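J.:
Residue numbers (this note's numbering): 472 to 635.
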């Protein structure tokens, strides 16, 4: 069932280079994901609504708004969004800036289809694990809150006596 969720994921590609948008879009569609492409960071930012995309792959250097600025702006709207930064000129300072901006991955052009598949799949799996952990914590606190106070005090007293 989770595999179906991953395959139903939507990936946005934001890159000013038409050939990159076309090739990367075709590769990602071939993997079974829905794809939406944007030529400018500003148009992607304007179109984005929470949960509109599961993964966004953006170029670093574009006219107007950069991929780093787009990453920061999108994560203010949706902190759980998976953003991968793509560049034709990889450098350590750019990779560090991308991670500091909130990107989960830093890719260099050209990308192989297997690399894209692994990175998207891994990012979606990590998000699913974090979501399950968040729900488990909420359920645990809900259970604790529903217990009578005397029961909780009894457990705490028992723990205290065992350690003493």
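Glycine is no exception: its CB is placed at the ideal position from the N, C-alpha and C atoms. Every value quoted in this text rests on a predicted model; they were computed, and no experiment measured them.
Please name the residue, chosen from 630, 524, 493, 512, that lies closest to residue 539 on a Cα-to-Cα basis.
T.: The residue you call residue 539 lines up with position 68 of the chain shown. Selected option, being the one with the closest Cα: 512.
J.: Answer yes if the stretch 520-534 comes into contact with the stretch 547-559, meaning at least three C-beta pairs across the two stretches below 8 Å, and no otherwise.
T.: Because the criterion of three Cβ pairs below 8 Å is met, the stretch 547-559 and the stretch 520-534 touch.
J.: If you check the beta carbons only, do residue 576 and residue 590 fall under 8 Å apart?
T.: By 1-based counting over the chain shown, the position of residue 576 is 105. By 1-based counting over the chain shown, the position of residue 590 is 119. Contact flag set, yes.
J.: Classify residue 518: buried if its beta carbon has 16 or more other beta carbons within 10 angstroms, exposed otherwise.
T.: Reading the chain shown from its first residue, position 47 is the one you call residue 518. Classification for residue 518: exposed.
J.: Can you check the stretch 505-540 for any alpha helix (DSSP H) of at least 4 residues that lies completely inside it and give the ranges in chain order?
T.: Segments of the alpha helix (DSSP H) lying fully in the stretch 505-540: 512-518.
J.: Which residue marks the beginning of the alpha helix (DSSP H) containing residue 592, and which one marks its end?
T.: The count along the chain shown starts at 1 and reaches residue 592 at position 121. 584-617 is the extent of the alpha helix (DSSP H) around residue 592.
J.: Going by C-alpha to C-alpha distance, which of 579, 613, 592, 542 sits closest to residue 569?
T.: To locate residue 569, count along the chain shown from 1; it is residue 98. Closest option to residue 569, Cα to Cα, is 542.
J.: What's the gap between the Cα of residue 545 and the Cα of residue 516?
T.: In the chain shown, residue 545 corresponds to position 74, counting from 1. In the chain shown, residue 516 corresponds to position 45, counting from 1. Their Cα atoms are separated by approximately 7 Å.
J.: So, at 6 Å on beta carbons, what are the nonlocal neighbours of residue 486 in its own chain, with the 5 sequence-adjacent residues on each side left out?
T.: Against the chain shown, residue 486 aligns to sequence position 15. 492, 530, listed in sequence order.
J.: My assumption, with CB atoms under 8 Å, is that residue 508 sits in contact with residue 527. Please give the rounded CB distance.
T.: By 1-based counting over the chain shown, the position of residue 508 is 37. By 1-based counting over the chain shown, the position of residue 527 is 56. Contact flag wrong, Cβ pair sits at about 11 Å.
J.: Check the C-beta distance from residue 494 over to residue 500 and give it rounded, since I have them as a contact under 8 Å.
T.: Within the chain shown, residue 494 is the residue found at index 23, counting from 1. Within the chain shown, residue 500 is the residue found at index 29, counting from 1. With a Cβ gap of about 11 Å, residue 494 and residue 500 do not count as contacting.
J.: For the alpha helix (DSSP H) holding residue 444, just list the boundary residues, first then last.
T.: Absent from the structure is residue 444, since the part of the chain shown begins at 472 and ends at 635.
J.: Who are the Cβ neighbours of residue 654 in its own chain at under 7 Å, not counting the five residues just before and after it?
T.: The requested residue 654 does not occur in the structure, where the chain is confined to residues 472 to 635.
J.: Which word fits residue 578, buried or exposed, when buried means at least 16 other C-beta atoms lie within 10 angstroms of its C-beta?
T.: Mapped onto the chain shown, residue 578 falls at position 107. Counting Cβ neighbours within 10 Å, residue 578 comes out buried, since at least 16 surround it.
J.: Assign residue 565 to one of three DSSP states: helix, strand, or coil.
T.: The residue you call residue 565 lines up with position 94 of the chain shown. Note: residue 565 maps to helix in three-state DSSP.
J.: Taking the straight line between their C-alpha atoms, what separation do you get for residue 582 and residue 564?
T.: The residue you call residue 582 lines up with position 111 of the chain shown. The residue you call residue 564 lines up with position 93 of the chain shown. So the two alpha carbons sit approximately 20 Å from each other.
J.: Quick check on residue 600: buried or exposed, where buried means 16 or more other Cβ atoms within 10 Å of its Cβ?
T.: Taking the first residue of the chain shown as position 1, residue 600 is located at position 129. Counting Cβ neighbours within 10 Å, residue 600 comes out exposed, since fewer than 16 surround it.
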